[in-house]
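Undergrad: The structure that follows is given in the form of structure tokens.
Residue numbers (our numbering), protein chains in the order written: chain A, 4 to 273; chain B, 43 to 311.
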């Protein structure tokens, strides 16, 4: 039949039109990339960039061997770091729970007024990194552990709040209905209808955030908020690269251990 | 009739997580002991805090009445650096992480390649962006170029891992079907794997774009350029109204990026 000969022998994944559009899209992306690249590198000193391998080798030489004698001095800051992360997480979670209940569309008392405020709190907390919070808090309440804890707590509100309010919105409404049908009050509905459903998610999120917070609190000292980062900053400033190696290895170990603990705990809970 | 006290008219919600009584009490005591120990290690200089509260008030005032104009040149310069850094590092990071992600998928590659690629991912994920930035600044000098390298490096670990996990979970039937036609390895990737993971890859790239912008605001603190450097300067100079303006700018851009990327992801998937 003559109709068959009309078809191409070769199969193509897409129609010519979509292919053309995709090519234009890719071209636009490349053009945008090149433009950004030029804008970004206007003030780059290429001599330094070319020099980088030599610098890297130099730093590598200084970093090895690690100065292991420095390790005992680090144990106290490490304890501080763990405290910053843990207490910061607890503080963050305590504030995040009411915020999450205000932000979830099925539990919020006023969708028009309180919900946007709760969502704004979550977005603000999420979009500002713990290090920036710490930078602000060190300026406000002075350097030390407290600034670190408050920074971690402020950063955790958004994370925990967002995940928790999504968990609240996904609960099974039938259980809530059943509890409501018994004539329960608002607090009782939350206590018997909602909390049992979100409990596993709540612990999972909290432990997950704790794990992330251990990671973040190791570097808060760079801006003066206490912990092992303070030692890192000191070692970097005195160009004691052997000590930097020890600190980085210790941070690495801490992060791996905390990740392992959090994975075990979450596995046990969920 | 049985006496009414045989049937309790009072019910207590049973514990959900730790159902074993001794364990529950033990763990609660351990937590209490830890909190007391940890609480003792905080040294708070209340005088300093009281002094700082006034400064905090000024900061909140600065946040409420941000001053965009007097430092606008520095802010816009920092923003341009941050935004360009974000885009270029995401593009380069995605380009590098695709082959590594394919290499780290157990169902597509031989064992040695798999181990090497997983190793690269582990190294990239283990170190914090800010620590990598410190090293790149020491090696490549101050400025956005070091930041660009840092973010690209961090992107590789993030994206390659998620991409590899995704490839390992593809529908094996489709891959078998393509294999049965006698397809080469490249054709297998192109016709069986790529169509399955592409929507997610685009989604992840957009998500990483979002993360990279947030991180670009931080790595400036250690000298890797971008809006973080401007913010650091503003706070060091106690110019809280400018700092408030910078923070508001960051928040607005992050919000826009989040909604924008969410919209595009919905469109793609």
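Note that beta-carbon positions come from the ideal geometry of N, C-alpha and C, so glycine has one too.
Since the structure is predicted, the reported quantities are computational estimates derived from the model, not experimental observations.
Name, please, each residue of chain B whose Cβ falls closer than 7 Å to the Cβ of residue 168 (chain A).
TA: Within 7 Å Cβ-Cβ: nothing; residue 168 (chain A) doesn't reach chain B, min ~15 Å.
Undergrad: Measuring alpha carbon to alpha carbon, tell me which residue in B:88, B:283, B:240, B:151 is nearest residue 307 (chain B).
TA: The shortest Cα separation from residue 307 (chain B) among B:88, B:283, B:240, B:151 belongs to B:240.
Undergrad: Mapping DSSP to helix, strand and coil, what is residue 47 (chain A)?
TA: Reduced to three states, the DSSP call for residue 47 (chain A) is coil.
Undergrad: Hey, does residue 173 (chain B) have any beta-carbon neighbour from chain A nearer than 9 Å?
TA: It does; some Cβ of chain A falls within 9 Å.
Undergrad: Between residue 32 (chain B) and the rest of its own chain, which residues show a CB-CB distance below 7 Å, the 5 nearest in sequence each way excluded?
TA: Nothing about residue 32 (chain B) can be read from this structure; chain B reaches only from 43 to 311.
Undergrad: Can you pull the chain A neighbours of residue 200 (chain B), defined as C-beta to C-beta under 9 Å?
TA: In chain order: nothing, as chain A lies at least about 13 Å away.
Undergrad: Who are the near neighbours of residue 179 (chain A) in its chain, counting only those whose CB is closer than 7 Å to its CB and skipping five residues on each side?
TA: Excluding sequence neighbours, residue 179 (chain A) sits near 192, 196, 197.
Undergrad: With a threshold of 8 Å, are at least 3 pairs of Cβ atoms found where one atom belongs to the region 42-54 of chain A and the other to the region 104-115 of chain A?
TA: Output reads no: the region 104-115 of chain A does not touch the region 42-54 of chain A.
Undergrad: What distance in whole Å lies between the Cβ atoms of residue 167 (chain A) and residue 208 (chain A), which are believed to be in contact at a cut-off of 8 Å?
TA: Right, their Cβ atoms sit about 6 Å apart.
Undergrad: Taking DSSP as the reference, what is the three-state secondary structure of residue 43 (chain B)?
TA: Reliability fails at residue 43 (chain B), whose pLDDT of 49 lies under 50, so the model's placement of it is uncertain and the value that follows must be treated cautiously. Coil.
Undergrad: For residue 116 (chain A), name the three-state secondary structure that DSSP assigns.
TA: Residue state, collapsed to three classes: coil.
Undergrad: Does DSSP put residue 128 (chain B) in a helix, a strand or coil?
TA: Three-state result, residue 128 (chain B): helix.
Undergrad: Determine the closest residue to residue 165 (chain A) out of A:188, A:223, A:126, A:93, with distance taken between C-alpha atoms.
TA: When only C-alpha atoms are compared, the closest one is A:126.
Undergrad: Rank B:198, B:97, B:129 by C-alpha distance to the C-alpha of residue 89 (chain B) and give the top, closest one.
TA: Nearest C-alpha to residue 89 (chain B): B:97.
Undergrad: Going along chain A in order, which residues have a C-beta closer than 8 Å to the C-beta of residue 87 (chain B)?
TA: What residue 87 (chain B) touches in chain A: 145, 147.
Undergrad: Could you tell me the boundaries of the alpha helix (DSSP H) in which residue 270 (chain A) lies?
TA: Where residue 270 (chain A) is concerned, the enclosing alpha helix (DSSP H) stretches over 244-272.
Undergrad: Relative to the alpha-carbon of residue 229 (chain A), which residue among A:35, A:145, A:159 has its alpha-carbon at the smallest distance?
TA: Checking every option, the nearest Cα to that of residue 229 (chain A) belongs to A:145.
Undergrad: Within 9 Å of any Cβ in chain A, is that where the Cβ of residue 233 (chain B) sits?
TA: It does: the Cβ of residue 233 (chain B) has a partner Cβ on chain A nearer than 9 Å.
Undergrad: Which residues, in chain order, does the region 122-139 of chain A contribute to contact with chain B at a C-beta distance below 8 Å?
TA: So the close ones are 126, 127, 129, 130, 131, 132, 134, 135, 138, 139.
Undergrad: Evaluate residue 274 (chain B) with the Cβ neighbour count: other Cβ atoms within 10 Å of its Cβ, from every protein chain shown; 16 or more gives buried, anything less gives exposed.
TA: The residue is buried, with at least 16 neighbouring Cβ atoms inside 10 Å.
Undergrad: Counting beta carbon pairs with one atom in the region 59-72 of chain A and one in the region 136-150 of chain A, are three or more of them shorter than 8 Å?
TA: No: the two stretches stay apart, fewer than three of their Cβ pairs being nearer than 8 Å.
Undergrad: Can you confirm whether residue 181 (chain A), when its beta carbon is compared against all beta carbons of chain B, has any partner nearer than 9 Å?
TA: For residue 181 (chain A), the answer is no, since every Cβ of chain B falls outside 9 Å of its Cβ.
Undergrad: Can you pull the chain A residues whose beta carbon is under 9 Å from the beta carbon of residue 83 (chain B), in chain order?
TA: The answer, in chain order, is 79, 82, 83, 86, 148.
Undergrad: Rounded to a whole number of angstroms, what is the C-alpha to C-alpha distance between residue 269 (chain B) and residue 255 (chain B)?
TA: Rounded to whole angstroms, residue 269 (chain B) to residue 255 (chain B) spans 10 Å at the Cα level.
Undergrad: Note down, in chain order, each residue of its chain lying with its Cβ closer than 6 Å to the Cβ of residue 222 (chain A), except the 5 sequence neighbours on either side.
TA: Once the five neighbours on either side are set aside, the close Cβ partners of residue 222 (chain A) are 232.
Undergrad: Quick check on DSSP: helix, strand or coil for residue 83 (chain B)?
TA: Helix, per DSSP.
Undergrad: Indicate the three-state DSSP secondary structure (helix, strand or coil) for residue 165 (chain A) in the structure shown.
TA: In the structure shown, residue 165 (chain A) sits in a helix (DSSP, three-state: H, G or I).
Undergrad: Could you compute how far the alpha carbon of residue 289 (chain B) sits from the alpha carbon of residue 118 (chain B)?
TA: Answer to the nearest angstrom: the Cα atoms are 13 Å apart.
Undergrad: Beta-carbon separation of residue 203 (chain B) and residue 143 (chain B) under 9 Å?
TA: Yes, the Cβ-Cβ distance between residue 203 (chain B) and residue 143 (chain B) is below 9 Å.
Undergrad: For residue 203 (chain B), go through chain A and note every residue whose CB falls closer than 9 Å to its CB, in chain order.
TA: Correct list: empty, because the minimum Cβ distance to chain A is about 13 Å.
Undergrad: With 9 Å set as the bound, which would you pick, yes or no: does the beta-carbon of residue 224 (chain B) sit closer than that to a beta-carbon of chain A?
TA: No, residue 224 (chain B) does not count as interfacial toward chain A.
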